[in-house]
Every structure is written in C-alpha cells, then in structure tokens.
Amino acid sequence: MSHKSPFNCGKTFYANNWYPGHSPSGSLDWQDYGGDDIDGETVRATASGTAYFYDAGSTSYGKWIEVRHSDGTRTRYAHLATMVRSAGGSMSVSQGTSIGTVGSTGGSNAPHLHYEQRTSSGTVDTSPTVDGVTVSLGQKKAITSTNTCSSNPHTPEEVCGSGYTVIDSAGLTGGRAYLLYNSGNGYNCVVTLKTTNLGSPSSMSAFLEPQGESRTTDSGSFSYYAGPVRRDAAGQCVKWGGSIGSSSYTSPFEHCG
C-alpha cells in the first residue's frame with residue numbers, strides 16, 4: 062500500500078520518528094516546518110479504505126481515526142481538533158479524502174499529528190514510508206505532500222453534508238457545479254468543485270435562489286470548492302449555478318417538486 066502525506070498538496074511538515082520514548086515506537090509526529098504552523102491543518106487519508114472515528118476524551122489519542130485499508134494494513138491519526146464524522150461513525154475514503162484537522166486533544170502537550178502505519182497483524186511499522194520518503198527510528202525529515210495534487214479529494218455529498226443527494230450538475234471549464242437535495246429537511250445545496258488548478262486559490266462561486274426569494278452566493282478565492290450554499294426550498298422552484306474563473310452556469314427556475 063503506497064501512502065502519501067496526510068496534508069494538502071504542496072504542504073511541507075516535519076515527520077519526526079522519536080526514539081526512544083515515543084509510544085508506540087515507530088509512530089510519526091508531524092510538526093511545524095519553517096514558518097508553517099501545523100495547528101488546524103486539514104488531515105487527509107494517506108491511502109484509500111474505510112475510516113472509523115473515535116474519541117478518547119482528554120486521554121491517550123484524544124480524537125482519533127483509524128483507516129483500514131484493503132490489504133489489511135491500517136493507519137491512525139490522533140490528537141485531532143475536529144473530525145468529519147462523530148465518534149462511532151465510519152465512512153469510505155479515497156486517498157486524499159479530508160477526515161479531520163490537526164489539534165492537541167488527548168495526551169498531547171502541543172498541536173501536532175500523531176500518525177501510525179500498522180501491518181495487518183496490528184504491529185506498528187517502525188520505518189514508515191510516506192510520499193516515497195522512509196522515516197526510520199530516530200529520524201526527522203521534512204516531507205512535501207503530493208496528496209490531492211492530481212484530483213479533487215472532495216465530493217459534493219461530503220461538502221453539503223449527510224442526507225444530501227446530487228439531483229443535477231453542470232459542466233464548467235475546470236470543474237463542475239452541483240445541485241443537491243435533502244429529502245429529510247427540504248433543503249437544497251449547491252457546491253462548485255474544481256477538477257484543475259487544485260490546491261491553488263482561484264476565483265470561484267456557487268449560488269442558490271429559491272423562486273420569489275433572494276439569491277445566496279458563496280464567492281471568493283478557493284483551492285478546491287465554492288459553497289456549500291444551503292436553502293430551504295421544499296415545494297419551490299430553484300435557480301442555481303456557479304463559476305470558475307470566467308466560466309459560469311446559471312440554470313432556469315427548475316426542480317419545483
């Protein structure tokens with residue numbers, strides 16, 4: 062199983078394989094590099110699998126995630142500030158899927174990401190390899206992430222949240238705008254996702270306008286997506302769309318059910 066760095070494309074952080082005295086031995090502490098503060102950084106799956114979410118409170122790993130990979134190996138991500146699912150939850154992830162943010166929960170004395178690669182038998186790999194760089198016991202190496210450099214790690218459903226399903230989409234130069242609906246609460250959601258220029262902020266927007274009401278727009282300079290824009294629109298027609306650079310789409314009033 063080939064693993065990439067657990068951070069956004071182009072981000073560089075130190076991977077520190079403390080020895081001795083780190084528990085468990087062979088785990089990596091990802092830490093600040095240069096002027097880049099790791100606190101609050103997006104944490105991404107280093108390889109595809111199924112993610113399971115846990116919370117040990119103010120002890121041990123604190124908020125943590127285990128991703129179980131198809132070959133039986135596992136990776137762990139600990140001391141997280143936030144997780145994209147509540148403790149007890151699970152979700153399928155691709156390499157690069159956002160799963161949480163760096164923090165200092167549990168038995169941690171400063172913000173960092175505790176990271177482990179485990180074999181199918183549960184043993185910690187004491188010389189883990191990330192983005193082609195092997196970090197053996199006692200080593201500390203600066204590693205630049207190539208995670209998410211080639212594809213958008215986000216999905217419309219992930220951005221809009223639980224219960225939303227794509228009901229329409231429109232192609233844009235460099236991406237796509239999506240309209241989603243949540244039948245449980247009657248809300249629509251619009252998100253625009255990039256397929257090129259990923260990880261680099263550029264002009265984007267997403268908007269949603271229930272008929273007879275004002276338009277809500279999320280616009281700015283974004284690295285991966287614009288939105289989500291959510292509005293209560295049960296039984297109403299909606300106008301929706303988005304833009305990437307000079308490429309834009311605006312729907313007629315539709316989806317009136």
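Just so you know, the sequence shown maps onto residues 62 to 318 in our numbering.
Note that the Cβ used here is the ideal one computed from N, Cα and C, for glycine as well.
Here the structure is a predicted model, which is why all the values come from computation and not from measurement.
About 17 Å separates the CB atoms of G150 and A139; that is not less than 8 Å, and the two are not in contact. V220 sits in a helix when the DSSP states are folded into three classes.
Of the residues G87, Y176, S308, C250, the one whose Cα lies closest to the Cα of T107 is Y176. Nearest to C221 by C-alpha distance, out of Y242, A203, G236, S230, is Y242. Residue environment analysis places P313 among the exposed positions, since fewer than 16 neighbouring C-beta atoms fall within 10 angstroms of its C-beta.
By the neighbour-count criterion, in which 16 or more other beta carbons inside 10 Å mark a residue as buried, T234 falls on the exposed side. E270 sits in a strand when the DSSP states are folded into three classes. If you compare the alpha carbons of G260, R292, S309 with that of T253, the shortest gap goes to S309. The three-state secondary structure of L198, taken from DSSP, is coil. For Y113 and Q178, the gap between their C-alpha atoms comes out near 15 Å.
For the pair Q200 and M152, the Cα-to-Cα distance works out to about 33 Å. A residue is called buried once 16 or more other Cβ atoms fall within 10 Å of its Cβ, and Q272, having fewer, is exposed. For Q92, the enclosing beta strand (DSSP E) has its first and last residue at 89 to 92.
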